[in-house]
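Right, one structure below, let's go through it.
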Amino acid sequence: MSGSSAPKSAPVSSPARTMVDTISWAMRAAVFAGGAIAPLCADAMTGWSGVARVVTNVAIWAAWAVALLCVLVPSSVSLTAIRLVCPTSIVSSGIVVVLDGDSASGVALVLAIVATLLVFSADVGESFVQVSAYGDERRHLLRCPATMASIQILAWIAWVSSIVTTTSFGIGQNRIGATLSGVVAIVLSWLLPRRFHRYSRRWLVQVPAGLVVHDHVVLAETAMFLARDIRSVEAATIGSSDAADLTGGCRGPALRVTLDDFETVVLSATRADPGGRAVHVRSMMVCPSRLGRALAELTTPPPSTTSPASS
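If you want it as structure tokens, here you go:
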């Protein structure tokens, strides 16, 4: 399906909007229900030491409070925070289930898993980043490639493991172990949130003037294209043409943006190109997390010339 010479600012269709709203409200309900995780785990922890019980309760309540705040104040920053924190409830309730599990703590674990799955859904991600958009911007969150997602997951596991290890050593009064793992936890707590936030800021941005590829993971500089210079926007399979791959390594279907003439984009720095690498492109591939929805919005004319999207 080809687009016209300029991307259109069509509103989200009713079925798509219904889907986004349904998943977003389900996520909110799951996060609110997460407030029951600590009480559900209480009986299973009755045989624990006082310190261990307090630390675990504090961890569960703190994770829930942060997640609740993110739901109440959604933004791209909140998206990063809730995706970092929400899975920690799985770890906390999972530890309770493994050590002294009962049916109530099992329910708590299920609640934590459901909330985390919804938090990581593409529809929730798009709703969060769109809230912090400026003016007529329509932000389409870009899909995270499997290799990048794997690295993020491993880094998150290392971060949480360092915190759990520090806590365990502290409870066991192993000062050397607690100090060493604590240093690792502090360093990772400083580095990882900022690195993870870059993935919450990977967008294909639709504005009345044209298109913007805002992706500081793949690009060293934001790439901007005027509407009058865009020949078409269409669905295509990555690797099926000589279009520049700006997906970061995604596979399968994506959007191919074709220009009337060559433009310059600057790729992110690598070991081989520490200053980044400028490439001339006439067509490029990007991969929104909701491909069909993005394509429809980019290629469907607005319902009337007097709509805000077309002004």
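For the sequence shown, the positions run 3 to 313 when my numbering is used. In this text, a Cβ means the ideal position worked out from N, Cα and C, and glycines have one as well.
query, result
"Would you call the CB atoms of valine 283 and glutamate 299 closer than 8 Å?", "no"
"Throw me the rounded Cβ distance for the phenylalanine 34 and leucine 81 pair, which I believe falls under 8 Å.", "So it is not a contact: roughly 18 Å between Cβ atoms."
"DSSP on serine 285, reduced to helix/strand/coil?", "strand"
"Can you tell me whether proline 76 is buried or exposed, with buried defined as 16 or more other CB within 10 angstroms of its CB?", "buried"
"If you draw a straight line from the C-alpha of tryptophan 27 to the C-alpha of valine 100, how long is it?", "31 Å"
"With DSSP as the reference, identify every bridge partner of glycine 212, one or two as the case may be.", "Val209 and Leu228"
"If you count every other CB in all the chains shown that lies within 10 Å of the CB of leucine 297, and 16 or more means buried, which is it?", "buried"
"Do the CB positions of leucine 190 and serine 107 come within less than 8 Å of each other?", "no"
"Should the region 79-96 be called in touch with the region 111-130, which here means at least 3 C-beta pairs below 8 Å?", "yes"
"Beta strand (DSSP E) containing leucine 143: first to last residue?", "140-143"
"Quick check: the Cα distance between arginine 85 and phenylalanine 122, rounded to an integer number of angstroms?", "7 Å"
"Got a sec, what are the start and stop residues for the alpha helix (DSSP H) threonine 167 sits in?", "148-173"
"Report yes if the CB atom of valine 22 is closer than 8 Å to the CB atom of glutamate 128, and no otherwise.", "yes"
"So, with DSSP's three-state summary, where would you put aspartate 247?", "strand"
"Are alanine 46 and leucine 113 closer than 8 Å when you measure CB to CB?", "no"
"Tell me which same chain residues have a C-beta within less than 6 Å of the C-beta of threonine 307, skipping the five on either side of it?", "No answer about threonine 307 holds up, because its pLDDT of 39 lies below 50 and its placement is not dependable."
"Quick one: any contact between the region 150-160 and the region 181-198, if contact means 3 or more CB pairs under 8 Å?", "yes"
"Using DSSP with H/G/I as helix, E/B as strand and the rest coil, what is glutamate 128?", "helix"
"Can you list the alpha helix (DSSP H) stretches of 4 or more residues lying completely in the region 38-68, in chain order?", "39-44"
"Could you give the distance in angstroms between the alpha-carbon of alanine 222 and the alpha-carbon of arginine 200?", "12 Å"
"Quick check: the Cα distance between leucine 124 and serine 202, rounded to an integer number of angstroms?", "The sequence given here places alanine at residue 124; leucine does not occur at that position. Whole-angstrom Cα-Cα distance: 11 Å."
"Across the region 241-253 and the region 141-148, are there enough close Cβ pairs to call them in contact, namely three or more that are closer than 8 Å?", "yes"
"Could you give the first and the last residue of the continuous beta strand (DSSP E) run that contains aspartate 262?", "255-269"
"Report the residue from Asp247, Thr168, Ala211 and Leu248 whose alpha carbon sits nearest the alpha carbon of aspartate 231.", "Ala211"
"Under 7 Å Cβ to Cβ from valine 133, same chain only, skipping five residues before and after it: list those, please.", "Pro76 and Ser77"
"Roughly how far, in whole angstroms, is the beta-carbon of valine 87 from the beta-carbon of threonine 58, given that I think they are within contact range, below 8 Å?", "With a Cβ gap of about 15 Å, valine 87 and threonine 58 do not count as contacting."
"Among Val220, Ile25, Asp104 and Thr181, whose alpha-carbon lies nearest the alpha-carbon of valine 126?", "Ile25"
"Determine the direct distance from the alpha carbon of alanine 274 to that of serine 309, and round the result to whole angstroms.", "Only weak support exists for where serine 309 lies, its pLDDT of 32 falling under 50; the value from the coordinates is given anyway. If you take the alpha carbons of serine 309 and alanine 274, they lie about 48 Å apart."
"Going by the CB atoms, is the gap between glycine 49 and aspartate 104 shorter than 8 Å?", "no"
"Write down the C-beta distance between valine 220 and leucine 248 rounded to the nearest angstrom, noting that I regard them as a contact closer than 8 Å.", "6 Å"
"Just verifying my parser: in three-state terms, what is the DSSP assignment at proline 290?", "strand"
"Going straight from the alpha carbon of glycine 172 to that of threonine 272, what length do you get?", "40 Å"
"Buried or exposed: which applies to leucine 206, given that a residue is buried once 16 or more other Cβ atoms fall within 10 Å of its Cβ?", "buried"
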